[in-house]
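Under this note's numbering, read the sequence shown as residues 1321 to 1716, first letter to last.
Even glycine gets a Cβ: it sits at the ideal position worked out from N, Cα and C.
Okay, so here's the structure we're looking at.
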Amino acid sequence: MRLKMVSRFMLTAVIGVLAVTVATAQVRVEKTARGFAGNPTLYYTGVAGNAQASGEVSSLIGACGWFDIYTAPSADYTLSGSSSGSDLKLTLTKREGSSYSVRVSGSDRRSAKAAIDALLKQSFKVDGICATRVVFCAETGRSIKNIYTCDIDGRDVKKITSYNTLCVEPGWFPDGKSIVYTMYGKSDTEIIQTTLSPLMSRRLAYYPGLNAGASISPDGRNLAMIMSKDRQVELYIKAVNSEAKMRLTNSISTKASPCWSPTGGTICYVSDQTGVPRLYRVSASGGTSSLLGTIGSEAATPDWSKDNQIAYSARVDGEYTIAVIDLEGKKPSGQIFKAPGHWESPSWAPDNRHVVCSRKNGRDSALYIIDTWTGKYRQLINLSMNVSMPSWSNLN
């Protein structure tokens, strides 16, 4: 469990430091209480004259999670493509004949992402997800974890860090151009920002004791993070580009895993002040924390969607599963699926429907994408390393 793992690192670090320091195809969607009666089906004919673009579109349209792919033309929709010069054109045609086309410059993977996201925006009135990436931790050696990124279909894997230590809890800056994570030293931790192009890193927090769990505010100006600079593990807000900071909690309990509300006005975090990990929220300007109602005997690793849902890992019947709280009250809250293993660290996609998380079976840990509306899931990436702590970028 991430809280337990982070708490163990916290205590080790703290003890060590304290000792020393126009005709549009409208997709018909039938909803149940939480989800669809079924995705529309789609038959994909390929991109005429461009095998590479055809393959890119095929991989991404299957991974986006908004269509059920058929291998016969009797589907609700047919997706066809063409490549002319430097342009890629995709056309979504309804069974009865109405259609909608998008055209983007280029015919590479980036262009395929943009074209499919434009179709999703038109068809479902939601932000697409193809032009996003997932950042995660990979175990590259004994007591060594480094940071990687990949696309939503598990392709284009890139190694971001190459340290002989633990780099954990990665997250995205809102613009998608850099990541933030916790790096462990021999007796302390620090918060690092790494830009992706070019690869450059800087310290954002390196105070005595623990610096961990950094989450970037929606405006990109502040960190919500856990520090023990006053010899007590507390939740703080710290400015990204200055030393200005404010403590939001004051108790002897362990805190972990802060995340921001969509407006940046509230922070959800984990605390064990009742004896077990639970979710709390507090105003970003300070005040009294309030306990959130969650399922199971424990709750940890929350993430807050743009439409005001909190996904978290809940301990139910001895295993950790993914659950959701809908703060708007429009969808039922609770466990969204059942499957063996420990499911941890959910992170929302910008479509407010899918989450990426880690699943641990025995000693093996892999990344999965869950459809919170249907409960269906798929493995995101298949690496020879244990991977964990994923975070989904914004659509940029």
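Inter-residue Cα distance where the pair is residue i and residue j
i	j	result
G1358	S1581	30 Å
I1467	S1394	43 Å
T1361	I1449	19 Å
Y1632	Q1655	10 Å
A1392	N1681	36 Å
R1609	D1592	Here residue 1609 turns out to be Ser, not Arg, going by the sequence shown. Computed Cα separation, rounded: 13 Å.
A1373	I1436	12 Å
N1653	D1646	Note on identity: in this sequence residue 1653 is Ser, with Asn being the wrong assignment. Their Cα atoms are separated by approximately 6 Å.
S1517	G1366	32 Å
C1579	T1641	19 Å
T1621	V1477	24 Å
K1445	N1570	43 Å
A1345	L1440	For A1345, the pLDDT reaches just 32, beneath the cut-off of 50, and the residue's location in the model is therefore unreliable, leaving the point undetermined.
T1411	S1443	12 Å
Of the residues the options, the one placed nearest residue i, counting alpha carbons only
i	options	result
V1596	T1574, S1603, T1398, A1458	T1574
N1672	I1511, I1690, N1681, R1429	I1690
Y1527	S1713, M1545, S1521	M1545
S1617	A1631, T1608, L1599	L1599
A1458	V1707, S1713, T1413	V1707
S1625	R1567, L1568, L1611, P1666	P1666
D1721	I1389, A1383, A1432	A query on residue 1721 cannot be resolved here, the shown segment of the chain reaching from 1321 to 1716 and no further.
Q1699	A1373, G1385, N1370, Q1593	G1385
S1603	Y1589, E1664, D1495	Y1589
M1709	Y1688, Y1697, N1716, W1693	Y1688
R1522	I1512, R1423, S1562	I1512
Nearest-angstrom beta carbon gap, residue j and residue i [assumed within contact, 8 Å]
i	j	result
T1509	T1502	6 Å
P1670	N1702	Contact doesn't hold; Cβ gap of about 24 Å is too wide.
L1568	L1555	5 Å
A1371	D1473	Actually they are not in contact, since the Cβ atoms of A1371 and D1473 sit about 17 Å apart, beyond 8 Å.
N1531	M1547	6 Å
Distance CB(residue i)-CB(residue j) smaller than 9 Å
i	j	result
G1585	I1536	no
Y1363	T1398	yes
I1615	A1643	yes
V1455	I1499	yes
K1506	V1488	no
D1396	K1414	yes
V1675	T1694	no
N1716	A1451	yes
R1683	H1662	no
K1497	L1524	no
P1538	T1594	no
V1560	G1529	no
T1485	S1463	yes
R1475	S1379	yes
A1619	R1635	yes
Quick check for students: name the residue ranges of the beta strand (DSSP E) that lie wholly in the segment 1615-1694, counting only runs of 3 or more. 1618-1624, 1629-1636, 1639-1646, 1662-1668, 1674-1681, 1684-1691
Would you mind listing the beta strand (DSSP E) stretches within the segment 1491-1528 that are 3+ residues and don't spill past its ends, in chain order? 1498-1504, 1509-1516, 1519-1525
What runs of the beta strand (DSSP E), each 3 residues or longer, lie entirely inside the segment 1411-1462? 1419-1425, 1454-1461
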